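Engineer: Quick one: structure below, then a few questions.
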Amino acid sequence: MGYRIVNGRAYAVGNFFNLESESKLTNGNTGEVSFNDVLNNIKTENEGFILSKHACKRFNEISFSRDDMNVINNGFDLAKEKGAKNAVFIYKDVALIANIKNRTIITAVEKERAENNVFTNIDSVVIL
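Next comes the structure, spelled out in structure tokens:
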């Protein structure tokens, strides 16, 4: 019997149409971790966020420490819990435009540049 991976879950090929079933796959040893557990573990280790090319240019002008990056990363988690899609993070004197689904900072706008600007297609504001 073979297996197929669909959206990060392994399914038996013979039972492919029953996508709701949760099957644990092991390699025969009871002490082994299932493939799904390993995949989820890798996924959580890589949690973080990505900076777009435009945001990278803006971040060169702004000084953020590792602690600041952790606060911004927690902002993604807060927005995701509330079901946000696109958000503005207000942190210190900077507005960060973010896509929550892709965990991407699209751009950063400092307080001096933010005057008379309009942000569109934003469904949430997260104050950090």
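Sequential numbering from 233 applies to the sequence shown in the numbering used here. Even for Gly, the Cβ is constructed at its ideal location relative to N, Cα and C. The structure displayed is predicted, hence computed values, not measured ones.
Taking Leu-360 as the reference, give the member of Ile-338, Asp-299, Ala-287, Glu-264 with the closest Cα.
Structural biologist: Asp-299
Engineer: Should the region 349–358 be called in touch with the region 316–327, which here means at least 3 C-beta pairs below 8 Å?
Structural biologist: yes
Engineer: Can you check DSSP and say which residues form a bridge with Leu-283?
Structural biologist: Ile-337
Engineer: Return the bridge partner residues of Asn-318 from the DSSP annotation.
Structural biologist: Asn-331
Engineer: Rounded to whole angstroms, what is the Cα-Cα separation between Lys-285 and Glu-264?
Structural biologist: 41 Å
Engineer: What distance in whole Å lies between the Cβ atoms of Phe-308 and Phe-281, which are believed to be in contact at a cut-off of 8 Å?
Structural biologist: 6 Å
Engineer: Closest to Lys-333 by CA distance: which of Val-358, Arg-290, Gly-315, Leu-283 is it?
Structural biologist: Gly-315
Engineer: Ends of the beta strand (DSSP E) at Ile-359?
Structural biologist: 356–359
Engineer: Can you tell me whether DSSP reads Val-265 as helix, strand or coil?
Structural biologist: coil
Engineer: Excluding the 5 residues preceding and the 5 following Leu-328 in the sequence, name in chain order all residues of the same chain whose CB lies nearer than 6 Å to its CB.
Structural biologist: Phe-321, Ile-337, Ala-340
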